[in-house]
């Protein structure tokens with residue numbers, strides 16, 4: 049209750065009553081009534097009326113100014129203000145008459161001027177409260193709009209994350225079906241690893257963000273599954289700067305990119321293909337780059353683009369509009385394990401795993417597919 053009467057929005061209102069009460073006291077001290085009477089009577093009249101005016105804020109909230117009810121509302125609040133001013137003026141003059149601090153001749157004629165002052169003060173209070181209420185409504189509307197925008201963004205992220213799991217399940221089941229007939233033992237091992245991987249991804253998918261180190265662990269788990277199927281045809285290199293390991297990223301952000309690299313790079317080539325994942329800081333950006341070889345003459349299954357579009361949108365929604373994802377495809381480039389001109393490798397030199405330069409990974413006429421994620425440093429968490 050104390051907070052309702054001493055809200056910070058009421059401070060300008062109470063301050064406005066200081067000169068108002070002073071003017072009333074100055075007027076009451078005239079006519080031979082004396083300064084003492086003017087000050088005491090002015091305070092006695094002004095301060096309680098200020099409290100009554102402060103209480104009118106509840107009436108303003110109960111009777112908001114609606115476009116189709118403005119006339120009725122204004123009539124109601126003005127009648128209430130006039131009634132309050134009249135009752136308080138009558139009570140004030142009654143007390144003065146009974147107390148008789150001065151001869152009746154000096155106090156006669158105070159009722160109407162005091163009523164006029166009280167009515168004007170309460171009308172001012174009503175205007176003030178309606179203006180404050182309008183400003184608060186604007187603030188509440190903006191806050192609600194911001195909350196709705198955030199909730200919509202979070203819902204969109206959840207929807208995009210939900211697209212990732214079916215995408216992975218589809219690719220994983222395709223891998224199992226490819227092994228069942230020719231390598232049943234490998235198929236059983238892959239199913240077991242798939243179950244473990246799904247447990248890990250389900251737990252990660254419930255969180256809004258995970259450290260990059262955990263995201264990389266999920267990537268390794270998936271690639272371990274795929275290596276059961278492809279064996280030596282899949283060569284993995286990972287060089288990610290430790291400075292990025294603790295930074296937070298959307299869960300399973302890299303998953304669709306790695307799946308595409310395996311699906312369109314490894315499965316479409318009969319020669320070993322290197323999948324290179326690098327990461328580090330470049331100028332004012334944190335950069336993750338996934339590069340894989342592919343056979344331009346191989347038989348590539350048509351894609352839907354779900355993985356790339358979902359990754360791009362999740363990246364922008366999580367880190368902001370300055371976070372970008374670029375996709376490049378080139379034919380006849382150097383071996384995947386060797387940086388091409390103008391595209392330096394990111395990370396610590398020499399940190400790659402064994403398998404770089406595997407024969408067949410970058411033969412003449414081979415292609416490379418590169419996906420690069422760039423996030424401004426200030427957007428990292």
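In our numbering, the protein residues as written are 49 to 429. Here a beta-carbon is modelled for each residue, glycine too, at the ideal position from N, C-alpha and C. Since the structure is predicted, the reported quantities are computational estimates derived from the model, not experimental observations.
Query raised in the report: When the Cβ atoms of the segment 186 to 193 are set against those of the segment 165 to 174, are three or more pairs found closer than 8 angstroms?
Result: Judged by Cβ distances under 8 angstroms, the segment 186 to 193 makes no contact with the segment 165 to 174, as fewer than three pairs qualify.
Requested in this report: Could you tell me the distance, in whole angstroms, from the CA atom of residue 276 to the CA atom of residue 193?
Outcome: Locating residue 276 in the chain shown gives position 228, counting from the first residue. Locating residue 193 in the chain shown gives position 145, counting from the first residue. Going by the C-alpha atoms only, they are around 50 angstroms apart.
Query - When 73, 95 and 99 are compared against residue 87, the one with the closest alpha-carbon - result: Taking the first residue of the chain shown as 1, we reach residue 87 at position 39. Among 73, 95 and 99, the Cα nearest to that of residue 87 belongs to 73.
Report task. Would you tell me roughly how many angstroms separate the C-alpha atoms of residue 170 and residue 142, rounded to the nearest one? Result -> For the purposes of this step, residue 170 is taken as residue 122 along the chain shown, with counting starting at 1. For the purposes of this step, residue 142 is taken as residue 94 along the chain shown, with counting starting at 1. So the two alpha carbons sit approximately 21 angstroms from each other.
Report task. List the DSSP bridge partners of residue 286. Result -> Position 238 of the chain shown holds residue 286. Beta-bridge pairing links residue 286 to 325.
Query raised in the report: Run through DSSP, which three-state label would residue 297 get?
Result: Within the chain shown, residue 297 is the residue found at index 249, counting from 1. Residue state, collapsed to three classes: strand.
Report task. Starting from residue 334, follow its DSSP beta bridges and name the residues at the other end. Result -> Stepping through the chain shown from its first residue, residue 334 is reached at position 286. DSSP output for residue 334 lists 329 and 423 as bridge partner(s).
Query - Inter-stretch contact at 8 angstroms, needing at least 3 Cβ pairs: the segment 307 to 325 / the segment 361 to 373 - result: No, the segment 307 to 325 is not in contact with the segment 361 to 373.
Requested in this report: Grab me the residues of residue 423's own chain with a C-beta within less than 7 angstroms of its C-beta, minus the 5 sequence neighbours each way, in chain order.
Outcome: Position 375 of the chain shown holds residue 423. Hits under 7 angstroms: 333, 334, 367 and 371.
Query raised in the report: Roughly how many angstroms lie between the CA atoms of residue 69 and residue 132, to the nearest whole one?
Result: As a first step, residue 69 must be located in the chain shown, where it is residue number 21. As a first step, residue 132 must be located in the chain shown, where it is residue number 84. Taking the CA atoms as reference points, residue 69 sits about 17 angstroms from residue 132.
**Report entry** Status (buried if at least 16 other CB within 10 Å, exposed otherwise) for residue 221
**Finding:** As a working mapping, residue 221 is identified with position 173 in the chain shown. By the neighbour-count criterion, in which a residue is buried when 16 or more other Cβ atoms sit within 10 angstroms of its Cβ, residue 221 is exposed.
Query raised in the report: Where DSSP assigns a beta bridge to residue 339, which residues make up the other side?
Result: In the chain shown, the residue the question calls residue 339 occupies position 291. According to DSSP, which records beta bridges pairwise, residue 339 is partnered with 324 and 418.
Query - Sequence-distant residues of its chain with Cβ nearer than 6 angstroms to residue 420 (five each side left out) - result: Within the chain shown, the letter at position 372 stands for residue 420. Hits under 6 angstroms: 337 and 374.
Requested in this report: Report the partner residues of residue 378 according to the DSSP bridge assignment.
Outcome: Translated into the one-based positions of the chain shown, residue 378 becomes position 330. In the DSSP assignment, residue 378 is bridged to 416.
Requested in this report: Given a cut-off of 8 angstroms, decide if residue 252 and residue 300 are closer than it, judged by their beta-carbon atoms.
Outcome: In the chain shown, the residue the question calls residue 300 occupies position 252. In the chain shown, the residue the question calls residue 252 occupies position 204. Taking 8 angstroms as the cut-off, the beta carbon of residue 300 is found closer than this to the beta carbon of residue 252.
Query - Identified DSSP bridge partners for residue 372 - result: For the purposes of this step, residue 372 is identified with residue 324 of the chain shown, where counting begins at 1. Answer is 422.
**Report entry** Reduced DSSP category for residue 66 - H, G, I as helix; E, B as strand; rest coil
**Finding:** Stepping through the chain shown from its first residue, residue 66 is reached at position 18. For residue 66, the secondary structure class from DSSP, reduced to helix, strand or coil, is helix.
Report task. Would you mind sorting residue 390 into buried or exposed? The rule is 16 or more other CB atoms within 10 Å of its CB. Result -> Indexing the chain shown from 1 puts residue 390 at position 342. Any reading at residue 390 must be qualified, since the residue scores a pLDDT of 33, below 50, and its modelled position is unreliable; the value itself is stated next. Answer is exposed; the Cβ neighbour count stays below 16.
Requested in this report: Within 10 angstroms of the Cβ of residue 60, are there 16 or more other Cβ atoms? Answer buried if so, exposed if not.
Outcome: Along the chain shown, read from residue 1 onward, the residue named residue 60 stands at position 12. It counts as exposed.
Query raised in the report: Between residue 344 and the rest of its own chain, which residues show a CB-CB distance below 6 angstroms, the 5 nearest in sequence each way excluded?
Result: Sequence index remark: in the chain shown, residue 344 carries index 296 (1-based). Non-local C-beta neighbours of residue 344 in its own chain, meaning closer than 6 angstroms and more than five positions away in sequence, comprise 379 and 415, ordered along the chain.
Report task. Round the Cβ separation of residue 125 and residue 135 to the nearest angstrom and send it over; I've been treating them as touching at under 8 angstroms. Result -> Within the chain shown, the letter at position 77 stands for residue 125. Within the chain shown, the letter at position 87 stands for residue 135. So it is not a contact: roughly 16 angstroms between Cβ atoms.
Query raised in the report: For residue 355 versus residue 305, is the C-beta distance shorter than 8 angstroms?
Result: Here residue 355 corresponds to residue number 307 of the chain shown, with the count starting at 1. Here residue 305 corresponds to residue number 257 of the chain shown, with the count starting at 1. Pairing residue 355 with residue 305 gives a Cβ-Cβ distance under 8 angstroms.
Requested in this report: Consult DSSP for residue 259 and reduce its assignment to one of helix, strand or coil.
Outcome: Taking the first residue of the chain shown as position 1, residue 259 is located at position 211. DSSP places residue 259 in strand when its eight states are reduced to three.
Report task. Just tell me which of 310, 295 and 342 has its CA closest to the CA of residue 426. Result -> Looking up residue 426 in the chain shown gives position 378. Ranking 310, 295 and 342 by Cα distance to residue 426 puts 295 first.
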